[in-house]
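From first to last, the protein sequence lines are chains A and B. The first sequence begins at 1363 in the working numbering and counts up one residue at a time. The second sequence begins at 1363 in the working numbering and counts up one residue at a time. Notes for the one structure printed next.
There are 2 protein chains.
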Amino acid sequence: MSGTKPGKTGAIADEKLVAEVVAALAFNEAGLIPAIAQQYDSGEVLMLAWMNAEAVRETLQAGRACYWSRSRGQLWRKGESSGHVQQLVEFRYDCDRDAVLLVVDQTGPACHTERPNCFFHAVRDGSVRIISEPRPQD
Amino acid sequence: MSGTKPGKTGAIADEKLVAEVVAALAFNEAGLIPAIAQQYDSGEVLMLAWMNAEAVRETLQAGRACYWSRSRGQLWRKGESSGHVQQLVEFRYDCDRDAVLLVVDQTGPACHTERPNCFFHAVRDGSVRIISEPRPQD
């Protein structure tokens, strides 16, 4: 996929660059922007979550995905309790600057259901099917 | 990636199944849900757009991606004027039912800038870089 190896310090931004990115992004009326997380090597779409300016800042400075939890109303450092962190490989955003793509290296399952990714409902052959199962962790 | 070949009629849903999917999805207060389009074979994340119930219905019945244009306030049949259609390979949604993943086969560039995908701004090696160029069409 991206060809970029995880762990590159190029994924991490200094204060000036972070400010440039935050200023460039078009956050919605609630101060949020949708962010897609994609596994850097397989191309698997892992999840979609939301970021505010502070989550963007932290993600770019720490080199790990940090979102804004709309349900809890607070920063959500992905994997902080589960250990299922997402190391940032590259931070991208789109033509309209209103969507983010985080190219990451996922540790463990991305989904809170313990599935590899969150998109496990599929319309397939005439019904909605569950296409992956929870993956027990070692 | 998905391993599913495009053109499978399994991607198309009858009226009952469409109703089931629409009822399952958690549309936001504006009646919309974010939808990621991903190229079925390469795994490339093409774009993020929005769907309302009618766009979900049309996508599942026609087997082609149809979104809701927030700027124009109308259905957006992707590629209707440009020819850059997205044939539906599989319709998926996530654990929280508040995000859609359209696995598609993209004709031509996905982005209105004529780039292959919309995520062409990248934070790379200390600056924001444009990582793809418009691709002239035949």
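Beta carbons are placed, not taken as given, at the ideal position from N, Cα and C, and that holds for glycine. Keep in mind it's a predicted model, so treat the numbers as computed, not measured.
Neighbourhood of residue 1455 of chain A in chain B, by CB distance below 8 Å: 1481 and 1483, in chain order. In this structure, the CA atom of residue 1447 of chain B is about 8 Å from the CA atom of residue 1470 of chain B. Going by DSSP, residue 1497 of chain A is part of no alpha helix (DSSP H) at all; its letter is neither H nor E. Residue 1427 of chain B has its alpha-carbon roughly 21 Å from the corresponding atom of residue 1480 of chain A.
Counting only Cβ-Cβ distances below 7 Å, residue 1398 of chain A has contacts in chain B at 1398, 1407 and 1410, in chain order.
At a cut-off of 3 residues, the continuous stretches assigned as beta strand (DSSP E) that sit fully inside the segment 1391-1443 of chain A are 1395-1401, 1407-1413, 1428-1431 and 1436-1439. With distances taken between CA atoms, residue 1438 of chain A lies nearest to A:1412 out of A:1376, A:1496 and A:1412.
Interface annotation, residue 1383 of chain B: in contact with chain A, CB-CB separation under 8 Å. In the DSSP assignment, residue 1484 of chain B is bridged to A:1454 and B:1491.
Distance from the CA atom of residue 1433 of chain B to the CA atom of residue 1493 of chain B, rounded to whole angstroms, is 26 Å. Look at residue 1379 of chain A here: in three-state DSSP terms it is helix. Nearest to residue 1384 of chain A by alpha-carbon distance, out of B:1477, B:1495 and B:1485, is B:1485. Ranking A:1418, A:1497, A:1401 and A:1404 by CA distance to the CA of residue 1379 of chain A puts A:1418 first. Identification of chain B residues near residue 1437 of chain A by a Cβ-Cβ cut-off of 8 Å yields none; the smallest Cβ-Cβ distance measures about 18 Å. Take residue 1407 of chain B, set aside five residues on each side of it, and the residues of its chain with a beta-carbon closer than 7 Å to its own are 1398, 1400, 1479 and 1481, in chain order.
DSSP lists A:1449 as the bridge partner or partners of residue 1467 of chain A. Residue contact with chain A for residue 1416 of chain B: absent (no Cβ-Cβ distance below 8 Å to any residue of chain A). The beta carbon of residue 1441 of chain A lies closer than 6 Å to those of 1447 in the same chain, with the five residues before and after it left out. Annotation for residue 1460 of chain B: 1388 and 1395 place their beta carbon closer than 7 Å to its own, counting only its chain and skipping 5 residues before and after. Under DSSP, residue 1462 of chain B shares a beta bridge with B:1397 and B:1455.
Within the segment 1467-1480 of chain B, 1473, 1474, 1475, 1477 and 1480 place their CB atoms closer than 8 Å to a CB of chain A, listed in sequence order. Put simply, the CB of residue 1425 of chain B is far from chain A, with every gap to its CB atoms at 8 Å or more. At a cut-off of 8 Å, the C-beta of residue 1486 of chain A has a neighbouring C-beta in chain B. Here residue 1472 of chain B carries a coil assignment [DSSP, helix/strand/coil]. Of the candidates A:1488, A:1489 and A:1472, the residue whose Cα lies closest to the Cα of residue 1496 of chain A is A:1472.
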